[in-house]
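>
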Amino acid sequence: MDFNARIILVLALGGAGALAGAAMALAQGDGSGTDNPDLLRGSLGVGCRPGTLCQFPATDASVPVSPPTQPLPLAAPSPAVAVTPPAPARPAYAVEPLPAAMAAPLSTDTADWGELGYGVALRGAYVRSGSAEHFEMLAIPSVSYSRSGGVTDVTLDASATLVAPQSDDVRVGAANVSTDIVHRLSPSAGLAFNGDLALSQDAPDGLSTDEADLASAPVSVSGAAGVGYTHRFGNFSVTGTGELARDWVGEATRADDTVIDNSHEGATRYGGALRVGYDLTPVVGVFGQGGAGRTEFDGIDPDLGASRSGDDFELRGGITANWSDVVTLEASVGSGWRMFDAAAIPEAQTWLYGVSLDYSPTTATAFTARLETELTPGSGGSGASATYDIGLEARHRANSWLGLRASVGAQWEVPEDGSATSRSYSAGLGADVALGQHTTATLDYDYGLREDPAAAGASRDEHRISGGVSLQY
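Numbering-wise, the sequence shown is residues -27 to -1, 1 to 446 according to mature numbering (1 follows the signal peptide of the UniProt record, and there is no 0).
What follows is the structure, given as C-alpha cells:
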C-alpha cells in the first residue's frame, strides 16, 4: 500500500468511526451515563502520564472533578535523581509533584483562591559507575498551585534540581513547569488543556550520554502544548486531541574543549488523534483510535546522512475496564506507520501494543503495571525504531509515618532495518519517614544498566544511594 493510500485509509477509518459513533448515539439519546470514565492513552493524550492510565475530564458538571493524582500519596516525593537513561524529551532528573497531603493552603476558601504548596528537598547521593565513584549534593525547590471549584479545575507545578558534584561546578540537572486546565462545557462535554516546559542536563558520564570524555553534557529543552475535547452521546464518547511540541538540544564539550554540535536533534512535532469509545457495561468499554502527526528535524543527521523528518500514522483498538476504582485496565493493539521525506530512509511499519493496569486493594497499597510500544524516528545510523517500554511500581503506606515504594523497568529500542538493539534496565527501592507535619526523611537505592552498541560504552551500569530531608508547606 503506497503513502497516499495509507493516509486516505487512516483518515477514512477515523472519520467513519466518529460519524458512526455520533449517529448511533444520537439515535439512542443522551443521558445513559456510566461510572466508567473514558480513558485516553497514547502520546497525544491531554493530561496523561506516559505509559500509564490517563483520564479525560468527567462530563457530569454536577460532580466536581479533581485533577488526576497518585493513587497513594506518600509523605515525600520520590528520588529527584534517576539512574534510568531518560527518553530524549524527558528530563534526566525527574521530580514528582508535591503530594497533596503535604501542601498547606494559604486560604481555606479553595473555590476562590485555591491552594498553594511550596517546599525544598536537600539530599546527598553516593554514585558508583564501574570502578568510578563520586558524591553529589542536591537541592530541589518546588512549588504547586491548584484550584478546584465550579466547572473549571486548574493545576500548576514547578520544580528544579540543582546538582553540586564533588569536583565540578553546580548545574541545573532539571527544571520543569507544567499546567493542566480542565473545563466542563456541559453535562456531556469537556475541554482540557495542558502545557509543559522542561530543561535537563545529565552528568558528563551519565547513562544517557553517548559520547566519551565529555567535560559537559548537552542541555536539552522541550516544550509541549495539547488540547482535547470530548463529548458523550449516551453510551458513546468521542474525543479529539491536538498537540504541538518542540525540542532543542545544545552543544556538548569534550575534555579537550572540542565542541559537539547537536542542533540536528532539535525537532518540531504536531499531530492529532480521534477516538470513539463505547461502554458495553458500567464496568467494561471498548474503543477505536486513529492518529496522524508530523516531525520536522532542524538538520541532517550526520550518522544517517539524511534528515529524519517525516509523517507517522497510527490505528488502535482496545478495551477498558474500571471496577470501583480498585482495578482499572486498558489494553490495546494496533499498527503504526512512519514515512520519511528522504528517499534514502525506507518507510517502516510495526505492530503496536499497550497495556496499563492499576490495582489498589486498599487505600494504603497500590500497584501499577504498564507496557507501551511506539514507532520512533530512530537514532544513530538506522532509520525508524520500535521502542518497547515496560514498568512495574508498588507503593505501600505501612503506618502514619512510614511509606515504602519499589519499581522496576526496562526499555528496548529495535531498529526496523535489523541493526543492533539497545536496552536499558532500572530498579529502585525507597522509604519515606514522616518526622513532623512538614518534614520527611527519605532514603533511596537505584540501579540502572544500559547496553547500547552505538554508545561510547557498549555496556554501563550505575548504583546510586541517596538520602535527605524534605520540607513541604
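In this text, a Cβ means the ideal position worked out from N, Cα and C, and glycines have one as well.
Hey, would you say Ala337 sits closer than 7 Å to Arg370, going by beta carbons?
yes
> Which term fits Phe260, buried or exposed, when burial requires 16 or more other beta carbons within 10 angstroms of its beta carbon?
buried
> Check whether the Cβ atoms of residue 504 and Arg437 sit closer than 7 Å, and answer yes or no.
The chain is shown from -27 up to 446; residue 504 falls before or after that span and cannot be answered.
> Is any beta-carbon of chain C found at less than 7 Å from that of Arg242?
In summary, chain C is missing from the structure at hand, where a single protein chain is found.
> Relative to the C-alpha of Ala188, which candidate in Arg157, Gly213, Asp141 has its C-alpha closest?
Asp141
> Please state whether DSSP places Ser355 in a helix, a strand or coil.
Coil at Ser355, not helix or strand.
> In angstroms with no decimal places, state the Cα-to-Cα distance between Ala279 and Gly163.
42 Å
> Where does residue 485 sit, in a helix, a strand or coil, going by DSSP?
This structure gives no information on residue 485, because the portion of the chain shown stretches from -27 to 446.
> Expressed to the nearest angstrom, what Euclidean distance is found between the alpha-carbon atoms of Gly20 and Gln139?
With a pLDDT of 37 at Gly20, under the threshold of 50, the modelled position of this residue cannot be trusted; read the value that follows with caution. Roughly 38 Å between the two C-alpha positions.
> Grouping DSSP H, G and I as helix and E and B as strand, with all else coil, what is Ser329?
Residue state, collapsed to three classes: strand.
> Excluding the 5 residues preceding and the 5 following Leu330 in the sequence, name in chain order all residues of the same chain whose CB lies nearer than 6 Å to its CB.
Leu302, Ala342
> Please state whether DSSP places Ser380 in a helix, a strand or coil.
strand
> Please list, in chain order, all residues of the same chain as Arg96 whose beta carbon is under 6 Å from its beta carbon, the five residues on each side excluded.
Leu111, Ser439, Gly441
> For the candidate residues Ser373, Glu435, Thr335, Thr182, whose alpha-carbon lies nearest to that of Gln410?
Ser373
> Should Gly285 and Gly266 be called a contact, given that it needs their Cβ atoms to be closer than 7 Å?
According to the sequence displayed, residue 285 carries Asp and not Gly. Yes; because the gap between Cβ atoms is below 7 Å, this pair is in contact.
> Does the beta-carbon distance from Ala383 to Phe340 come in below 7 Å?
no
> For Phe206, count the other beta carbons within 10 Å of its own beta carbon; 16 or more makes it buried, fewer makes it exposed. Which is it?
buried
> For Ala131, which residues in the same chain have their Cβ closer than 6 Å to its Cβ, ignoring the five residues on either side in sequence?
Once the five neighbours on either side are set aside, the close Cβ partners of Ala131 are Val116, Val150.
> Exposed or buried, Pro319, counting other C-beta atoms within 10 Å across all chains shown (16 or more means buried)?
Flag for Pro319 reads exposed.
> Give the secondary structure of Ser193 by DSSP, where H, G and I count as helix, E and B as strand, and everything else as coil.
Of the three classes helix, strand and coil, the one that applies to Ser193 here is strand, per DSSP.
> Ala94 to Val127, Cα distance in whole Å?
The alpha-carbon atoms of Ala94 and Val127 are separated by roughly 25 Å.
> If I measure Cβ to Cβ from Ala148 and keep anything under 6 Å in the same chain, skipping five residues before and after, which residues do I get?
Ala133, Leu172
> State buried or exposed for Arg289, treating a residue as buried only when at least 16 other CB atoms are found within 10 Å of its CB.
buried
> On a CA-only basis, which of Asp298, Val232, Gly90 is nearest residue 450? Give me that one, please.
Absent from the model: residue 450. The displayed extent of the chain is -27 to 446, so no value can be given.
> Less than 7 Å separating the beta-carbons of His204 and Val211?
yes
> What are the boundary residues of the beta strand (DSSP E) that includes Ile273?
First-last for Ile273: undefined, no H or E at that position.
> Measure the CB-CB distance between Arg219 and Gly196 and report whether it falls below 7 Å.
yes
> Counting only the same chain and skipping the five closest in sequence on each side, list residues whose C-beta sits under 6 Å from that of Leu170.
Val150, Gly196
> Which one of Tyr326, Trp296, Gly327, Asp274 has the shortest CA to CA distance from Phe313?
The residue from Tyr326, Trp296, Gly327, Asp274 with its alpha-carbon nearest to that of Phe313 is Asp274.
> Write down the C-beta distance between Leu325 and Ser308 rounded to the nearest angstrom, noting that I regard them as a contact closer than 8 Å.
6 Å
> Assign His411 to one of three DSSP states: helix, strand, or coil.
coil
> Leaving aside the five residues before and after Asp390 along the sequence, list all residues of the same chain whose C-beta is less than 6 Å from its C-beta, in chain order.
By the criterion of a C-beta distance shorter than 6 Å, Asp390 is surrounded in its chain by Ser355, Gly356, once the five residues flanking it on both sides are discounted.
> Compare the C-alpha of Val381 against each of Ile363, Pro334, Asp183 and name the closest.
Val381 has its Cα closest to that of Ile363, out of Ile363, Pro334, Asp183.
> For Ala315, I'd like the list of residues in its chain whose CB is within less than 7 Å of its CB, leaving aside the five on either flank, ordered along the chain.
Ala279, Ser280
> Answer with buried or exposed for Gly(-7), where buried requires no fewer than 16 other C-beta atoms within 10 angstroms of its C-beta.
Confidence at Gly(-7) is low in this model, with a pLDDT of 39, below 50, so the placement of that residue is unreliable and no value is reported for it.
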